[in-house]
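Presented below is the structure to which this report refers.
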Ligand code: NAP
């Protein structure tokens, strides 16, 4: 049994994939979820295995509680859960608030907020010394949108990420004396598929001029911040939100 299992939600692509790769290279056994792209998930398992690591892919929608429970059951079968990266997140098509349906809002908050809270609940139940655990770390994926508001694009997404910021600070303080650190990474514009899923495939390139460093970030640059927050090098850091945005 592994002594160092990392659960990553939404690990098949983008920032979650880069995080899974970096964590496996760092010695974690990685259990990650995906929803639609089984081929991408399988190829990541193979890539990590070929490099001498171990990864398990689980089809699990973080917006469905039973799926989150199944993801953690799979992690328990691998070993001791030592960390969680709440990475799974979605945007929607650009729209003004006066156009948004309740169905859209429910999906946005169910996946981006409730999914992260439920996954964190399962991680705390395993890692907190209050529950007999041996400690661990949780890293949530926020967004620069939480500060900028994303007007005319997706204010609902920005509000959901604002909730992630509050959740990060609150949970960090709630479990600080129980061996569990809780932090967040706040990416700016990162070059992943998420922009295409919001109907703006060239968004990372189009936004270059608004980024002081003059370029979008990479998934690996976000993963590096996630790995630092998971590591003992961040042993006195909790309730923090690390911005990875090229100065934006
Ligand atoms: P991405 O490229 O769209 O990848 C999303 C990942 O999440 C995929 O592995 C996808 O699985 C999975 N996923 C989607 N819905 C899910 C659900 N309901 N349950 C479980 N997994 C689900 O996204 P990304 O750009 O890497 O973003 C990762 C995180 O960073 C998100 O929380 C996002 O909000 C945040 N973020 C990204 C940016 C950016 O510019 N990219 C900026 C700020 C914040 P499938 O492949 O199987 O669909």
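Residue numbers (UniProt numbering): 1 to 248.
Heads up, the beta-carbon is just placed ideally off N, CA and C, and yes, glycines get one too.
Leaving aside the five residues before and after residue 72 along the sequence, list all residues of the same chain whose C-beta is less than 6 Å from its C-beta, in chain order. 122
Expressed to the nearest angstrom, what Euclidean distance is found between the alpha-carbon atoms of residue 65 and residue 245? 32 Å
Give the C-beta separation of residue 31 and residue 75 to the nearest angstrom, bearing in mind that I take them to be a contact with Cβ-Cβ under 8 Å. 4 Å
Sorry if obvious, but does the Cβ on residue 14 come closer than 7 Å to a heavy atom of the ligand NAP? yes
Cβ-heavy atom distance between residue 171 and the ligand NAP below 7 Å? no
Whose C-beta lies closer than 8 Å to the C-beta of residue 149 among residues of the same chain, with five residues either side of it excluded? 155 and 158
CA nearest to the CA of residue 91, picked from 24, 5, 142 and 120: 142
For residue 118 and residue 42, what's the separation of their Cα atoms in angstroms? 25 Å
Return the Cβ separation of residue 204 and residue 189 in integer angstroms, given the expectation that the two are a contact with Cβ distance under 8 Å. 5 Å
CA-CA distance, residue 46 and residue 115? 27 Å
Are at least three pairs of beta-carbons, each pair with one atom in the segment 12-29 and one in the segment 218-230, less than 8 Å apart? yes
Any idea what DSSP makes of residue 157, helix, strand or coil? helix
What runs of the beta strand (DSSP E), each 3 residues or longer, lie entirely inside the segment 158-217? 180-187
Taking 8 Å as the threshold (C-beta atoms), are residue 136 and residue 82 in contact? yes
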